[in-house]
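All remarks here apply to the structure that follows.
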Amino acid sequence: MPTPSFLFSIPGPLKAQSTVSDLKDRLDWGEPALTIIDVRSRDAFNSSHITGAILMPMDELVVSVSASLEYERDIYIYGSSDEQAAEAACKLREVGFQNVSELTGGLAAWKAANGAIEGALVAA
């Protein structure tokens, strides 16, 4: 039996930096209006990534995001380090994306919180 949605607290507004708990709360609440971007290498992404994340490597980030997402879209971004995520978020903010949140701890924190992942290492 599904859990009634009123038992979940309504997530707060998007912050410049978010914990995995913040993202999980939005996903558990059923929030459809967000995008999770992985800026790591294709090999790292193919090995494992947050379920539903899309790959947009750093060297293609601004062009890819500008071509495919609305500037008002809520974006969670993670990389191989918090520094890489911060750099990617800064690039997006500079071109007009204001609803960008760096996922602190990245994939490692997501895995530690038992967040859903997919990729070659998951399937093995």
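For the sequence shown, the residue numbers in my numbering are -11 to 112. Yeah, the Cβ is synthetic: ideal placement off N, Cα and C, and Gly gets one too.
query	result
Sub-8 Å separation of V27 and I63 beta-carbons	no
Top-ranked residue by Cα proximity to H37, from Q5, D16 and I24	I24
Which listed residue (E75, Q86, S68 and A74) has its alpha carbon closest to that of R30	S68
Identified DSSP bridge partners for Y66	D26
Whole-angstrom distance between G94 and E106, CA atom to CA atom	14 Å
Selected residue, minimal CA-CA separation from W98, among S9, Q5, L2 and K3	S9
Beta carbon of I65 nearer than 8 Å to that of A55	no
Any non-hydrogen atom of the ligand NAP closer than 7 Å to A74 Cβ	For the ligand NAP, the structure offers nothing, since it holds no ligand at all.
Where the beta strand (DSSP E) through L91 begins and ends	V88 to L91
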